[in-house]
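Participant: For the record, the sequence lines run as chains A and B. Numbered by this note's numbering, the letters in the first sequence go through residues 746 to 1268 in order. Numbered by this note's numbering, the letters in the second sequence go through residues 746 to 1268 in order. Even glycine gets a Cβ: it sits at the ideal position worked out from N, Cα and C. Questions regarding the structure given below will be posed in turn.
Protein chains: 2
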Amino acid sequence: MDSKEFKEAAISSIEEITNYYETIPTRRVVSSVSPGYLRTLLPQSAPQDPEPWSSIQSDIESKIMPGITHWQHPNFMAFFPASSSYPGMLGEMWSAALNGAAFNWICSPAVTELETIVLDWLAKSLGLPERYLSTGKTGGGGVIHGTASEAIVTVLVAARDKYLRESTAHLEGGGKEEEREDEMMRKRSRLVALASGATHSSAKKAALIAGVRFHPIPVGAETGWALTGRAVGDAIEELRARGLEPFFLAATMGTTDTCAVDDFGGICSAVRELAPGRAGEDGRAGMWVHVDAAYAGVSLMLPEVREMAPLEALLAGEKDEGCPVLSINTNMHKWGLVNFDCSTLWVMNRTHLTDYLTVMPAYLRNQYSDSGLVTDYRDWQIPLGRRFRSLKLWFVLRTYGIKGLQEHFRKGIRLGELFASLVTEEGGKGRDLFEIVTGPAFALTVFRVKGKDREERNRRTKEVYERVNAGGEIYITSTVLGGDFAIRVVASTPFVEEEHVRNAFAILVRTAEEVAKEEGGSG
Amino acid sequence: MDSKEFKEAAISSIEEITNYYETIPTRRVVSSVSPGYLRTLLPQSAPQDPEPWSSIQSDIESKIMPGITHWQHPNFMAFFPASSSYPGMLGEMWSAALNGAAFNWICSPAVTELETIVLDWLAKSLGLPERYLSTGKTGGGGVIHGTASEAIVTVLVAARDKYLRESTAHLEGGGKEEEREDEMMRKRSRLVALASGATHSSAKKAALIAGVRFHPIPVGAETGWALTGRAVGDAIEELRARGLEPFFLAATMGTTDTCAVDDFGGICSAVRELAPGRAGEDGRAGMWVHVDAAYAGVSLMLPEVREMAPLEALLAGEKDEGCPVLSINTNMHKWGLVNFDCSTLWVMNRTHLTDYLTVMPAYLRNQYSDSGLVTDYRDWQIPLGRRFRSLKLWFVLRTYGIKGLQEHFRKGIRLGELFASLVTEEGGKGRDLFEIVTGPAFALTVFRVKGKDREERNRRTKEVYERVNAGGEIYITSTVLGGDFAIRVVASTPFVEEEHVRNAFAILVRTAEEVAKEEGGSG
């Protein structure tokens, strides 16, 4: 494919892509293909000879599109959104054009420097304290990871090795290296990563990868499914009494089930008191608190969100020296209009990563890295190579401006409130079908179908949930909270408007009425 | 940005991107900016109000381009290539358009199914045995990871937990669970991952992440820097004698320093004999051999490469049941014309990953995953979400055809041979400046400047290397082999032609002559 053929192919693709975006609402939101559908449509092997672009492009509509679940569909209200935008796509286009494996600064200084700068921009726009900026006095800074899962495994591994090194610091030198090694190995088997039972599954997977124990602290309806400082304190003491060593805690702003916000103020106090950030003769070091704000964190761009009590504590209530929140992560690729993947992670001190993740073979050495004056992001992450992902973030921030993004986040919150109000008010219309379980919070409402007891509620909620998804007009997901089945509706995809929220609610009402009627009950 | 504005921005970007590709040779291959250059050119914060695309696009040329090291430049002969192609770019464009976080099959069945199919296509075209195909009887299959680093940490973690579970299987049931847990913790501290000293640094980093010991087996010039079966056998026995438990070995096709190919036949025999794949009362389980063919593996598309002795052993010499090579990885984003990132990993049995990497919270459950009939690639990798990366691989395979890719790989090998022949023959022209250290192998030649002793050789080689890179006409990298400084020249980027290889050699000769003259020696 030469430049001329590429131009034609690209222009034709852009035509088709804009056409796709304009007609998304006419498509079925969830794919209805059966497992294995594609194998029957494609050859057994790659072609020996080149094929023209026209045959490839026509296969996209005929063979690929039927197998696509349309995440940008205004009726996609499942999971959390993976929002797309035109400037985000332009970012991917340019990133592909400037293709390279920019693992070191010199491999393309712009890749590293733009990332550092736009992560400072983003941190400022979210109101993060100065300690997470690359220019702050604690030596912090941001990095783009692929996903929140990669971010959490990276910080958890660094936290593990930081804890092991610091908690055995009293054995450093004086010929005690072997004793220290043994002590580290002994400790390793006793390390525990903490999180709440509502923390995203990536925390458990990160502990699995790092080879440490994982302890989910139960949370319940009484705290709005949020983790409290007291629960954290109790867990630390209980684990220590069992001879274990808590070294890491993932706290969440916006849990996956319910968008709960953990009590950061209380958690930080508990950790500061029980696990202060100093290594002592007692063989304990400080704990690393990581804040997983994967979905909801981007809405910190709104002053009214920053003023929520637990968030105020996160953003301002800590002195740099004593703050145990060593890392914060949010995904601009969820609600933030940056095409997947763009998971932004900030650390309070970059040596917390680089001291534990740096491996330097001869073939990667260069005068710039040796000088210590540049950032080599490979030491902030698991992979070596990296894409030029900051371009799409830069394009989105500039194309929308902070005001445009704020407007987008406010729309999601407003539509979430609308949906929740429909659920609440619907009892007034002579139909008392639903009840709110949690929310609205960050555009997420969790609710269930009413019933005379838990068994009936769960059966009906599940039935409604399954029928609605089988119908294919809207796509929603479910969860289980303390044994109760519940439906999650998220109203923060880019193209969702009031009409779609009302329509989704009407479908839910219709389906719940059907189910109630069939069951012969009043619902 | 609406559809109309996007079309204009995209068409204008495509115009500029093709223009960039056509004028790459006129640019300086390595960026010459100083650390921190970009911060002085950009505002301190993100804009509050939207900016038009025209201001963003003009910043690309004026602010970003100076900080780009041009990996597609025909004079880029450093590291290994990160090759770009027009169909690869179209793949990124479509992947961004069909944006989603396809962690489960139902999240977009096409994302999963196309990946499975094109990885079967690719495996067949590389001549991989049927056991790595999704359709083979061992239940294998392929997956696209971001990088070889992510692939190796994923298989190493699975190997660790597989070994721990299998080697304690005799303690399963009968109320011995606590004893088993203790035994696993005890074993964990004794596990060792093996590799050769020439294995890519990602193996060491993977061991660090997984929290296990790493043992590099020394290799030297006498085996062409390749790992032998005998060295592996000796290492296993020596480690066991020290009370340690080798559970994983990374063998390499095409090491980073020299493109050495390990002795797969000998390694497999040694592992089969000393660490057969069965769990026994002796508390040992089989070892997992992973083949890292990150750079060179794609050239298995050439029959003449497959016929090389150690590769024949890898591809055909093993019965499925006894083969310890449980995983193979190669990066189509290096030599393979698929834009970064596209690291293809195959396993002989997919349960070797899914049994150890699956975490299933309520909010990810769905009828398709529960049915067991579909692949959920999230259980084959660290991240949860994933991009539609198989599109770009599909587009490249179809646009070039296997024949077109074979031609591309043959060109690289031929140009590598040309460069090495220039180094070798150059003595005949009255200048006896250089000597080959290794190669040519897979387009890589490693050589050094001659000198009367090691000290002089190293000093002159380093001086030539640094001056050439400072000159900025070509970009090369160096390595250190057994204490000897050496220069690596790779001739496999997409746009490199004979004239660029001859030109690079002329620059090296000129620089070496200068250095020799200044030193007053004969060179």
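Give a yes or no on whether 7 Å exceeds the smallest Cβ distance from B/V778 to chain A.
Facilitator: Yes, contact with chain A.
Participant: List the residues of chain B whose Cβ lies closer than 7 Å to the Cβ of A/S853, in chain order.
Facilitator: Ordered by position in chain B, the residues that pass the 7 Å Cβ test against A/S853 are S776, G812, I813 and T814.
Participant: With a CB to CB cut of under 6 Å and the five nearest residues on each side skipped, what residues in its chain are close to A/G1081?
Facilitator: The answer, listed in chain order, is V1043.
Participant: Which one or two residues does DSSP pair with A/F1085 in a beta bridge?
Facilitator: In the DSSP output, where bridge partners are listed per residue, A/F1085 has none listed.
Participant: Whole-angstrom Cβ separation of B/N844 and A/A827, contact assumed at under 8 Å?
Facilitator: So it is a contact: roughly 6 Å between Cβ atoms.
Participant: Closer than 7 Å, Cβ to any Cβ of chain A: which residues of the stretch 1066-1087 of chain B, in chain order?
Facilitator: Answer set for the stretch 1066-1087 of chain B: N1084, F1085 and D1086.
Participant: Could you tell me if A/G1196 is buried or exposed, where buried requires 16 or more neighbouring beta carbons within 10 angstroms of its beta carbon?
Facilitator: With 16 or more other Cβ atoms within 10 Å, it is buried.
Participant: Residues of chain B with CB closer than 7 Å to the CB of A/I981, please, in chain order.
Facilitator: Those do not exist, as A/I981 stays about 21 Å from chain B at its closest Cβ, beyond 7 Å.
Participant: Run the proximity test for B/D1177: is its beta-carbon closer than 6 Å to any non-hydrogen atom belonging to the ligand NAP?
Facilitator: Among the ligands in the structure shown, none appear at all, so the ligand NAP cannot be discussed.
Participant: Look up B/F714 in the DSSP assignment and say whether it is helix, strand or coil.
Facilitator: Within the shown structure, residues of chain B are numbered from 746 to 1268, placing residue 714 of chain B beyond reach of any answer.
Participant: Straight-line CA distance for A/L1045 to A/S870?
Facilitator: So the two alpha carbons sit approximately 8 Å from each other.
Participant: Enumerate in chain order the residues of its own chain whose CB-to-CB distance from A/G942 is below 7 Å, with the five nearest sequence positions on each side excluded.
Facilitator: Cβ within range, chain order: P961, I962, P963 and V964.
Participant: Please determine, among B/L1118, B/L1136, B/P1185 and B/F825, the residue with the shortest C-alpha to C-alpha distance to B/G833.
Facilitator: The candidate whose alpha carbon is nearest that of B/G833 is B/L1136.
Participant: Span of the alpha helix (DSSP H) holding A/I1012?
Facilitator: Counting along the chain, the alpha helix (DSSP H) containing A/I1012 begins and ends at F1009 to L1019.
Participant: Does any residue of chain B have a CB that is nearer than 7 Å to the CB of A/L1142?
Facilitator: Yes, A/L1142 lies at the interface with chain B (some Cβ there is under 7 Å from its Cβ).
Participant: Hey, out of A/G886, A/D1086, A/R1204 and A/E1066, whose CA is closest to A/T892's CA?
Facilitator: Nearest of A/G886, A/D1086, A/R1204 and A/E1066 to A/T892, Cα basis: A/D1086.
Participant: So B/M822 contacts chain A; which residues on that side make the cut at Cβ distance below 8 Å?
Facilitator: Near B/M822 there are no residues of chain A at all, since even the closest Cβ is about 13 Å away, more than 8 Å.
Participant: What are the boundary residues of the alpha helix (DSSP H) that A/E1180 is part of?
Facilitator: First-last for A/E1180: F1179 to A1186, but that is the beta strand (DSSP E), not the alpha helix (DSSP H).
Participant: With a threshold of 7 Å between beta carbons, is B/P819 in contact with chain E?
Facilitator: The structure shown contains no chain E; its protein chains are A and B.
Participant: Is there a Cβ of chain A sitting closer than 7 Å to that of B/D1124, yes or no?
Facilitator: It does not; no Cβ of chain A falls within 7 Å.
Participant: For B/M822, name the three-state secondary structure that DSSP assigns.
Facilitator: If DSSP states are grouped into helix, strand and coil, B/M822 belongs with coil.
Participant: Just mark A/R987 as buried or exposed, buried being the case when its beta carbon has 16 or more other beta carbons within 10 Å.
Facilitator: Exposed, since its Cβ has fewer than 16 Cβ neighbours within 10 Å.
Participant: Taking CB distances under 7 Å as the criterion, tell me whether A/D794 reaches chain B.
Facilitator: Output row for A/D794: interface = yes.
Participant: Got a sec: is the Cβ-Cβ distance from A/A791 to anything in chain B below 7 Å?
Facilitator: Judged by the 7 Å Cβ criterion, A/A791 is in contact with chain B.
Participant: For A/I1127, return the contacting residues in chain B, with the cut-off set at a CB-CB distance below 8 Å.
Facilitator: Result: S894, E895, V898, K950, I954 and I1127.
Participant: According to the Cβ coordinates, are B/L1102 and B/D1121 closer than 7 Å?
Facilitator: In this structure, B/D1121 does not lie closer than 7 Å to B/L1102 by Cβ.
Participant: Under DSSP, the alpha helix (DSSP H) around B/L984 begins and ends at which residues?
Facilitator: G974 to A986 is the span of the alpha helix (DSSP H), which, as asked, contains B/L984.
Participant: Which runs of the beta strand (DSSP E), 3 residues or longer, sit entirely within the stretch 911-976 of chain B?
Facilitator: Those beta strand (DSSP E) runs which fall completely within the stretch 911-976 of chain B and span 3+ residues are 936-941 and 958-962.
Participant: Can you pull out the residues from the stretch 1219-1237 of chain B whose beta carbon lies closer than 8 Å to at least one beta carbon of chain A?
Facilitator: Under the 8 Å Cβ criterion, the stretch 1219-1237 of chain B contributes T1222, S1223, T1224, V1225 and R1233.
Participant: Compute the beta-carbon to beta-carbon distance between B/T883 and B/N1094, rounded to the nearest angstrom, for a pair I have assumed lies under 8 Å.
Facilitator: Right, the Cβ-Cβ distance comes to about 5 Å (below 8 Å), so this counts as a contact.
Participant: For B/F1164, which residues from the same chain have a beta carbon less than 8 Å from its beta carbon, with the 5 sequence-adjacent residues on both sides left out?
Facilitator: Taken in chain order, the residues that qualify are P1185, T1190, V1234, A1236, V1246, A1249 and F1250.
Participant: Where does the unbroken beta strand (DSSP E) through B/N764 begin, and where does it stop?
Facilitator: It is not in any beta strand (DSSP E) - B/N764 instead sits in the alpha helix (DSSP H) that spans S748 to T768.
Participant: Counting only Cβ pairs nearer than 9 Å, list the residues of chain A close to B/D1002.
Facilitator: Those within 9 Å of B/D1002 in chain A are P1106, A1107 and Y1108.
Participant: Excluding the 5 residues flanking A/D1007 on each side, which residues of the same chain have their C-beta closer than 6 Å to its C-beta?
Facilitator: Within the same chain, A/D1007 has close Cβ partners A971, L972, A996 and T997.
Participant: With a 10 Å radius around its C-beta and 16 neighbouring C-beta atoms as the bar for buried, classify A/R1134 as buried or exposed.
Facilitator: With 16 or more other Cβ atoms within 10 Å, it is buried.
Participant: Quick one, which residues of the stretch 1030-1054 of chain B are near chain A if we go by CB-CB under 8 Å, in chain order?
Facilitator: So the list is empty, because no residue satisfies the distance condition.
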